[in-house]
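A.B. asks: Our numbering applies: residue 548 is where the sequence shown begins, and numbers increase by one. Glycine is no exception: its CB is placed at the ideal position from the N, C-alpha and C atoms.
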Amino acid sequence: MTDAATPSIGIHDLALATSHHSLDLESLADHHGIDPAKFTVGIGQHVMSVLAADEDIVTMAADATARIIARNGTDGIRTLLFATESGIDQSKSAGVYVHSLVGLPPTVRVVELKQACYSATAALQFAVGLIARDPSQKVLVVASDVARYDLGSSGESTQGAAAAAMLVQANPALLAVENPAGVYTEDVMDFWRPNYRSTALVDGKGSIKAYLNAIGGAWQDYADQGGEPFESFASICYHQPFTKMATKAHRHLAVLNGQNPTPVEVAAYLEDTMRYNRLIGNSYTASVYVALASLLDHADDLTGARVGLASYGSGSVAEFFGGVVQPGYRDHLRREEHTAMIDTRVPLDHTAYEVLHKTTLPEDGREYRTTAERAGSFRFVGLNEHRRLYERG
Ligand code: CAA
548 MTDAATPSIG IHDLALATSH HSLDLESLAD HHGIDPAKFT VGIGQHVMSV LAADEDIVTM
608 AADATARIIA RNGTDGIRTL LFATESGIDQ SKSAGVYVHS LVGLPPTVRV VELKQACYSA
668 TAALQFAVGL IARDPSQKVL VVASDVARYD LGSSGESTQG AAAAAMLVQA NPALLAVENP
728 AGVYTEDVMD FWRPNYRSTA LVDGKGSIKA YLNAIGGAWQ DYADQGGEPF ESFASICYHQ
788 PFTKMATKAH RHLAVLNGQN PTPVEVAAYL EDTMRYNRLI GNSYTASVYV ALASLLDHAD
848 DLTGARVGLA SYGSGSVAEF FGGVVQPGYR DHLRREEHTA MIDTRVPLDH TAYEVLHKTT
908 LPEDGREYRT TAERAGSFRF VGLNEHRRLY ERG
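1) So, with DSSP's three-state summary, where would you put glutamate 932?
2) Determine contact between the stretch 626-642 and the stretch 679-691, defined as no fewer than three beta-carbon pairs at a distance below 8 Å.
3) Quick check on this structure: which residue in His845, Gly860, Asn829 has the alpha carbon closest to the alpha carbon of leucine 598?
4) Report the rounded CA-to-CA distance for aspartate 681 versus isoleucine 615, giving the unit in angstroms.
5) Can you tell me whether glutamate 883 is buried or exposed, with buried defined as 16 or more other CB within 10 angstroms of its CB?
6) Do you know how far the Cα of leucine 677 is from the Cα of isoleucine 558?
7) From leucine 880 to threonine 612, what does the alpha carbon distance come to, in whole angstroms?
8) Please classify glutamate 778: does DSSP put it in a helix, a strand, or coil?
9) Hey, how far is the Cα of methionine 792 from the Cα of serine 754?
10) Tell me the DSSP secondary structure of proline 874 in three-state form.
11) So glutamate 938 and valine 928 are supposed to be a Cβ contact under 8 Å. How far apart are they, rounded?
12) Distance, Cα to Cα, alanine 641 vs arginine 935?
13) Tell me which same chain residues have a C-beta within less than 7 Å of the C-beta of leucine 826, skipping the five on either side of it?
14) On the DSSP bridge assignment, give the partners of threonine 732 in chain order.
15) Quick one: measure Cβ to Cβ for histidine 797 and aspartate 844, integer angstroms, because I've assumed they're closer than 8 Å.
16) Let me check understanding here. Comparing Cα to Cα, which of Arg740, Glu901, Cys664 lies closest to tyrosine 785?
17) Can you look up alanine 919 in the DSSP assignment and give me helix, strand or coil?
18) From what residue to what residue does the beta strand (DSSP E) around arginine 625 run?
19) Evaluate arginine 822 with the Cβ neighbour count: other Cβ atoms within 10 Å of its Cβ, from every protein chain shown; 16 or more gives buried, anything less gives exposed.
20) Could you tell me if the beta carbon of serine 779 falls within a distance shorter than 6 Å of some heavy atom in ligand 1?
21) Using C-beta distances below 8 Å, list every residue in its chain close to proline 741, excluding the 5 sequence neighbours before and after it, in chain order.
22) May I ask you to report which of helix, strand or coil DSSP gives glutamine 767?
23) Hey, is threonine 631 close to ligand 1, as in C-beta under 6 Å from one of its heavy atoms?
24) Can you determine whether any heavy atom of ligand 1 sits closer than 6 Å to the C-beta of cysteine 1021, and answer yes or no?
25) Which value, in whole angstroms, describes the spacing of the CA atoms of valine 811 and leucine 817?
26) Between the Cα of glutamate 778 and those of Ala899, Ser566, Gly805, spot the shortest distance and give me the residue it belongs to.
27) Once you ignore the five residues that flank serine 858 on each side, which residues in its own chain have a CB closer than 7 Å to its CB?
28) Roughly how many angstroms lie between the CA atoms of tyrosine 915 and glycine 940, to the nearest whole one?
29) Looking at glycine 623: is its Cβ nearer than 7 Å to the Cβ of lysine 685?
30) Is isoleucine 558 near ligand 1, judged by its Cβ being under 6 Å from some heavy atom?
31) By Cβ distance, which residues of its chain are closer than 8 Å to phenylalanine 780, with the 5 residues on each side in sequence left out?
Written out as structure tokens, the structure reads:
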């Protein structure tokens, strides 16, 4: 349902970025003496992105945002919303570093949003609201995260890293966001990361139940708000902590809607949404938009089709909403760029991966320099007097 008085508002451009390195999950399985099929089949992941020493959420976000600006310019951009749960500062928004690195004008408000893997969806809805008030304005929504669990923990195989930058505006080229949205919030301790930890704590099995329960609740609210029928969605992009989770979530919503699809039918329905995520791993806030990019980049012509977005952030908040794929959208995709970005990552052996995982930054304010590894345009150079230093390539 869209109000005829307002223009369509949604995603005009969508660019992804990921890390310099990757780790093959078969090698992780070998290292732990686990059957690789547990990872490739059981959780549906093949490779995960691993940050180089000179990368972080800012460098990935700057990479993705710079490509949006190179194509669209900065005219009309009045807001940058930075969504992350891998915050680098308790006070300063990571988005302000990105604002500076990509050369945005000072007449842009910047703020960081957090609610686990959900906050990019909140940012998108806030952007739609701002543009509904003034359709001449554009909003950059930038989601960037690194998923980190302890070495040897059951979450280790579900790590990853990526950023998704979106230009949100009136009369978008890719996806018009529909009303209503269904939302669901419940206080659950399924996954969290206290301020003093660099890796997340998780109740693995509990988190799967919490995700399914919240997505079901968001769907129910969507239906209660007068949403479109389940059958009207050509595809649904789910938050993908691992791709098998999307298949569990889809089956859950299908059953709630009186359907009983086979595993093969579910996998076929979701396949195009999962191609990037199974090679990148969990990217928390970015994940559902990585799934959207994967769908648009790979599916046969979706012009006019309704696509669902099912967003989940532990703790927990979920949201379900629909969008309509716009005529001519294929001329605005970045499939070659995204494929090259994934294919040109430098694979790590297990020893190098563990060294990177164990690397910590000094906390005493002394001068510190990272090793130069990154191939992208932006580097995290190091620290000086507790300040993070970045450079543009
Ligand atoms: N061949 C094929 N399949 C195999 C297999 C083999 N040899 N061995 C095991 N499997 C299957 C299992 O049957 C299981 O499948 P089902 O779930 O369909 O039954 C799957 O592989 C995983 O096996 P386990 O359940 O034994 O795995 P685990 O307990 O060691 O870890 C996990 C799985 C709990 C997801 C863990 O990776 C984890 O804690 N991950 C982090 C938390 C997470 O991602 N939660 C998701 C919901 S929360 C969320 O979405 C927010 C977020 O981003 C974190």
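C.D. replies: The answer reads as follows:
1) coil
2) yes
3) Asn829
4) 21 Å
5) exposed
6) 14 Å
7) 15 Å
8) helix
9) 11 Å
10) coil
11) 5 Å
12) 10 Å
13) His593, Val594, Ile889
14) Val864
15) Not quite, the Cβ-Cβ distance comes to about 20 Å (not below 8 Å), so this is no contact.
16) Cys664
17) coil
18) 624-630
19) buried
20) no
21) Leu748
22) helix
23) no
24) A question about residue 1021 goes unanswered here, because the residues of the chain that appear run from 548 up to 940.
25) 10 Å
26) Gly805
27) Tyr665, Thr668, His786, Val835, Ala865, Glu866
28) 19 Å
29) yes
30) no
31) Arg853, Val854, Gly855, Gly869
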